[in-house]
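Asks:
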Amino acid sequence: MITKYSSQPSEALQNTSKKTAITNSLWADLKGKGKTSRLMEAEMISGQAEGQLLQILLKLSGGKHVLDIGTFTGYSSLAMAEVLPEDGTVVTLEREKEAAEIAKSNWSLSPHSFKIESRVGEAHDLLEQLASERKSFDLVFLDIDKPGYFALYQMLMDTNLLKVESLLVVDNVMYKGEELSGKDLSLNGLGAQALNQGLLDDHRVHQVMLPLRDGVTLVYRQC
Ligand SMILES: C[S@@+](CC[C@H](N)C(=O)[O-])C[C@H]1O[C@@H](n2cnc3c(N)ncnc32)[C@H](O)[C@@H]1O
5 MITKYSSQPS EALQNTSKKT AITNSLWADL KGKGKTSRLM EAEMISGQAE
55 GQLLQILLKL SGGKHVLDIG TFTGYSSLAM AEVLPEDGTV VTLEREKEAA
105 EIAKSNWSLS PHSFKIESRV GEAHDLLEQL ASERKSFDLV FLDIDKPGYF
155 ALYQMLMDTN LLKVESLLVV DNVMYKGEEL SGKDLSLNGL GAQALNQGLL
205 DDHRVHQVML PLRDGVTLVY RQC
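Heads up: the sequence shown begins at 5 in the numbering used here, then just goes up one per residue.
As structure tokens, this is what we get:
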């Protein structure tokens, strides 16, 4: 029902989803050849509902400069670029060069691709680089390996990469429902939990966790 009754994605986004859905053998091959550091999975894509949510948040906030942490095949970055004005920008960060190349080829079908800047490397290092360039963003979408979530959140706050009165959107905050199931948490589950608790303890932010897929938290930086 979510897919049926949410606005339908653009042709370029639909194309990104379709092409990503058949990448599992490619990822296995790339990992086997040592061309990626981790085994990637087609299921990592954000997709329609989250893309529409990000687009509506940007339309409401009027934000112009966006940071997308975790490019993968480029869905979230393109979804956000589509609703930005001509002088809007999306900086997107990705550890795996191969994924960043696939994302670029997916964006090339879109008239909004010129708004996207891709940077390849570890998120932590790339955030340091962005902070040294004195960048700051109106919306940040955080969607990478969960063990790094809380440290990256602290960095976004301490460096002002996330401006006051701006929005952070965090994916997979209920990581695979692990905490709900009562089982031992994986490293990703523990990472998501550390961020969730850290947000609760931080008076500078106002947040709500939404039960979309395996959890999306909207975090408003109030001071
Ligand atoms: C869940 S996917 C991102 C999905 C993407 N936002 C979308 O809309 O489809 C996570 C991506 O982040 C990358 N990644 C994970 N940990 C990272 C890190 N520490 N630094 C940089 N990239 C990382 C992975 O290689 C992967 O491509």
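We put the CB at the ideal spot given by N, CA and C, even for glycine. None of the values given here were measured: they were computed from a predicted structure.
For the beta strand (DSSP E) that I120 lies in, which residues bound it at each end?
Replies: Sequence index remark: in the sequence shown, residue 120 carries index 116 (1-based). Taken as a continuous stretch (DSSP letters only), the beta strand (DSSP E) holding I120 covers 120-124.
Asks: With A103 and M44 assumed to form a contact (beta carbons below 8 Å), what rounded beta-carbon distance in angstroms separates them?
Replies: Looking up residue 103 in the sequence shown gives position 99. Looking up residue 44 in the sequence shown gives position 40. Rounded, the Cβ-Cβ distance is 7 Å, consistent with contact.
Asks: Just to check, is the beta-carbon of G219 closer than 7 Å to a non-hydrogen atom of ligand 1?
Replies: As a working mapping, residue 219 is identified with position 215 in the sequence shown. No.
Asks: Tell me whether I26, by its Cβ, gets closer than 7 Å to a heavy atom of ligand 1.
Replies: As a first step, residue 26 must be located in the sequence shown, where it is residue number 22. Outside the cutoff, so no.
Asks: Measuring from the CB of E169, is there a heavy atom of ligand 1 at a distance below 7 Å?
Replies: Residue numbering aside, residue 169 sits at position 165 when the sequence shown is read from its first letter. It does not: the Cβ of E169 is nowhere closer than 7 Å to a heavy atom of ligand 1.
Asks: Under 8 Å Cβ to Cβ from Q3, same chain only, skipping five residues before and after it: list those, please.
Replies: In the structure as shown, the chain begins at 5 and stops at 227. Residue 3 is therefore absent and cannot be evaluated.
Asks: Would you list, in sequence order, the uninterrupted beta strand (DSSP E) runs of no fewer than 3 residues that lie entirely inside the segment 79-167?
Replies: Those beta strand (DSSP E) runs which fall completely within the segment 79-167 and span 3+ residues are 93-98, 120-124, 141-146.
Asks: Among Y179, V174, P215, A198, which residue has its Cα nearest to the Cα of Y224?
Replies: Reading the sequence shown from its first residue, position 220 is the one you call residue 224. Ranking the options by Cα distance to Y224, first place goes to V174.
Asks: Helix, strand or coil, according to DSSP, for D72 in the structure here?
Replies: Against the sequence shown, residue 72 aligns to sequence position 68. D72: strand per DSSP, three-state reduction.
Asks: Would you report the Cα separation of T163 and A135, rounded to the nearest angstrom?
Replies: Working through the sequence shown from its first residue, we reach residue 163 at position 159. Working through the sequence shown from its first residue, we reach residue 135 at position 131. Roughly 6 Å separates the two Cα atoms.
Asks: If you measure from the CB of S50, is any heavy atom of ligand 1 nearer than 7 Å?
Replies: Locating residue 50 in the sequence shown gives position 46, where the first residue counts as 1. At least one heavy atom of ligand 1 is nearer than 7 Å to the Cβ of S50, so yes.
Asks: Can you check whether the CB of S80 is closer than 8 Å to the CB of D142?
Replies: As a first step, residue 142 is located in the sequence shown; it is residue number 138 there, counting from the start. As a first step, residue 80 is located in the sequence shown; it is residue number 76 there, counting from the start. Contact flag unset, no.
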